[in-house]
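Heads up, the sequence shown is in our numbering, so the first residue is 12 and it goes up one at a time.
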Amino acid sequence: MATREPFLKDRLFCPGPTPVPLPVKLAAAEQTVYHRTQDFYNLFQSCRERLAPFFGSKNLPVLLASSGTGAMEAAITNLTDVGDRILVINAGKFGERWQKLGSYFGCNVVSLDIDWGNIPQWDQIAEVLRRYQDWRAVFLQANETSTAVALPIQELIPKIRQSTDALIVVDAVSGLCAHQVDMDAWGIDCVVAGSQKGFGIDPGLAFICLSDRAVSRMGQRPRFYFDLRRELIGQAKGESAWTPATSLIVSLDKALETLTALTPNGVVTHHARLAEAVRRGGLAMGLKLFAQAGHSNAVTAFTVPDGVDGKKLIKVLAQQYGTIFAGGQDKLAGKIVRFSHLGFVDIFDVISGLAALELALHHSGHSCRPGAGTAAALEFFR
Ligand SMILES: *Cc1c(COP(=O)(O)O)cnc(C)c1O
Numbered sequence: 012m013a014t015r016e017p018f019l020k021d022r023l024f025c026p027g028p029t030p031v032p033l034p035v036k037l038a039a040a041e042q043t044v045y046h047r048t049q050d051f052y053n054l055f056q057s058c059r060e061r062l063a064p065f066f067g068s069k070n071l072p073v074l075l076a077s078s079g080t081g082a083m084e085a086a087i088t089n090l091t092d093v094g095d096r097i098l099v100i101n102a103g104k105f106g107e108r109w110q111k112l113g114s115y116f117g118c119n120v121v122s123l124d125i126d127w128g129n130i131p132q133w134d135q136i137a138e139v140l141r142r143y144q145d146w147r148a149v150f151l152q153a154n155e156t157s158t159a160v161a162l163p164i165q166e167l168i169p170k171i172r173q174s175t176d177a178l179i180v181v182d183a184v185s186g187l188c189a190h191q192v193d194m195d196a197w198g199i200d201c202v203v204a205g206s207q208k209g210f211g212i213d214p215g216l217a218f219i220c221l222s223d224r225a226v227s228r229m230g231q232r233p234r235f236y237f238d239l240r241r242e243l244i245g246q247a248k249g250e251s252a253w254t255p256a257t258s259l260i261v262s263l264d265k266a267l268e269t270l271t272a273l274t275p276n277g278v279v280t281h282h283a284r285l286a287e288a289v290r291r292g293g294l295a296m297g298l299k300l301f302a303q304a305g306h307s308n309a310v311t312a313f314t315v316p317d318g319v320d321g322k323k324l325i326k327v328l329a330q331q332y333g334t335i336f337a338g339g340q341d342k343l344a345g346k347i348v349r350f351s352h353l354g355f356v357d358i359f360d361v362i363s364g365l366a367a368l369e370l371a372l373h374h375s376g377h378s379c380r381p382g383a384g385t386a387a388a389l390e391f392f393r
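So, in C-alpha cells, the structure goes:
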C-alpha cells in the first residue's frame with residue numbers, strides 16, 4: 012500500500028463518533044466542575060430543555076452516563092418484565108441489538124426480520140401484530156446505521172399506535188438530527204439517543220425520553236444504575252442519581268448553542284442536503300446505493316464495485332488518505348462502504364470525503380472521470 016500523503020489531516024466519515032467541533036471540545040477542557048451545585052443543576056436542566064425539541068416531546072429526556080446501548084438497555088429493563096411479549100422490527104445490526112437485549116432480559120421476543128437494505132412495510136408489521144393480543148412493547152430503529160436505511164417511522168408509528176396499545180420504543184441514536192422525530196405527535200413512548208452521533212460531542216452520554224404513558228407503565232424488574240423512575244425524580248431538579256458525565260454535559264451545552272439556533276427542522280434539512288449531495292456524488296462515480304429504499308440522511312452506504320476489495324478500500328482510505336470510513340458489518344463486511352454525513356459536518360467535508368473516495372477507488376481498480384463525484388455534489392450545492 013502506498014505511504015500516507017504528507018500533511019494529511021485525519022477526517023472522520025464513520026457513523027459515530029462524528030467530528031467534534033473545537034469549541035465544543037475546548038468547553039469541556041476548561042474546568043472540572045462539581046455536579047452537586049446549583050450552577051450545575053441549572054446547566055443540566057437547560058441542556059434537557061433544549062434537547063427536548065429534538066425528540067419532539069414536551070417531556071424532558073433523561074441524561075445517562077453511558078453509550079447509546081446503555082439507554083437501550085434502560086428502555087428494556089424499565090419498560091418490560093420477564094416473559095413479556097415484545098415485537099422487534101429488525102432491519103439490521105441495531106435491530107438485532109434490540110432482539111438480543113430483549114432475549115437477555117427474558118422477554119418473549121418476536122422478531123420481524125426485514126431484508127438488509129430495505130424498509131419494513133406496514134402490511135408486514137400489521138400481520139405480525141395480529142398474531143397476538145398481549146404485546147407489551149414494539150421496538151425499532153429510526154435509522155438503521157448498519158444498512159444506511161431510514162425507516163419510515165412517520166408513516167409507520169401512527170399506524171402501530173392505532174392497532175396496538177403496546178409501548179412504542181424507538182432507537183434514534185443515529186436518527187436524531189438527521190431525521191424528524193416527533194414523539195408526542197406520532198405517539199412514540201420512548202426515544203433513545205446518544206452523544207457521539209448527531210449531537211457532535213464525544214461518546215459517553217446517552218439520552219432517553221419517555222412519554223407519560225411509558226412513565227405510568229414501568230415494569231417491576233430490579234434495576235439499579237439505570238433506574239429511570241429514580242432519574243426522573245432527581246433530574247427534574249437537575250440532579251442525576253450518580254455522578255453525571257460533567258465534561259460531556261458542558262460540551263453538550265456548547266453544541267446545543269449551534270443546534271438550537273438552527274432549530275431541529277433546520278438541522279434535519281441540513282443533513283438531507285448533505286445526504287443528497289453524497290448520493291449524487293457516488294452515483295456519478297459509478298457507484299450503486301446499497302439501500303433499496305429509505306435513504307438515510309445520516310449515512311450513505313455504497314456497494315463496493317465488482318473487482319474492488321472492500322476491506323482493502325477502507326484501509327486505503329484510512330492509511331493513505333487519513334479518511335475514516337466504515338465498512339459493512341457482519342454479512343456486509345467487505346461489501347459496502349459507509350459514508351457518514353451526520354453531526355457537525357459541512358458541505359466541504361462531504362466534498363473532501365467524495366474526493367478521497369474517488370482516489371482510493373482509483374487505486375483499488377475502479378476509475379471514473381476525475382472529479383466526477385465532487386462535480387456532481389458541487390453542482391447540487393450550487
Ligand atoms: C451507534 C448506535 C447505537 C449505540 O451504540 P453505542 O456504541 O452503544 O453508542 C444504537 N443504535 C444505533 C442505530 C446506532 O447507530
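Even glycine gets a Cβ: it sits at the ideal position worked out from N, Cα and C.
- Note on geometry: alpha-carbon atoms of residue 270 and residue 283 lie some 15 Å from one another.
- The alpha-carbon of residue 248 is positioned some 21 Å away from that of residue 85.
- For residue 152, the shortest separation between its Cβ and any heavy atom of ligand 1 lies below 7 Å.
- Here the C-alpha atom of residue 289 lies approximately 9 Å from the C-alpha atom of residue 387.
- Distance from the CA of residue 307 to the CA of residue 199, rounded to the nearest whole angstrom, comes to 20 Å.
- The beta carbon of residue 273 is closer than 6 Å to none in its chain, skipping five residues each way along the sequence.
- Look at residue 329 here: in three-state DSSP terms it is helix.
- By the criterion of a C-beta distance shorter than 7 Å, residue 105 is surrounded in its chain by 152, 155, 156, 157, 182, once the five residues flanking it on both sides are discounted.
- Annotation for residue 231: 92 place their beta carbon closer than 7 Å to its own, counting only its chain and skipping 5 residues before and after.
- Taking every protein chain shown into account, the CB of residue 131 has 16 or more other CB atoms within 10 angstroms, so this residue is buried.
- With a contact defined as Cβ atoms closer than 8 Å, residue 133 and residue 169 miss out at about 10 Å.
- Counting C-beta pairs closer than 8 Å gives three or more between the segment 250-258 and the segment 69-81, which meets the contact rule.
- Closest in alpha carbon position to residue 203, among 371, 89, 245, is 89.
- If the five residues before and after residue 375 are omitted, its C-beta is found closer than 8 Å to the C-beta atoms of 319, 320, 323, 324, 327, all from its own chain and listed in chain order.
- Three or more Cβ pairs closer than 8 Å define a contact, and the segment 174-192 falls short of that threshold against the segment 330-344.
- About 12 Å separates the Cβ atoms of residue 135 and residue 122, ruling out a contact at the 8 Å cut-off.
- Counting only the Cα atoms, residue 148 lies some 44 Å from residue 330.
- Nearest neighbour of residue 210 by Cα position, chosen from 69, 354, 311, turns out to be 354.
- In this structure, the C-beta of residue 213 stays at least 7 Å away from each heavy atom of ligand 1.
- Here residue 161 is bridged, per DSSP, to 154.
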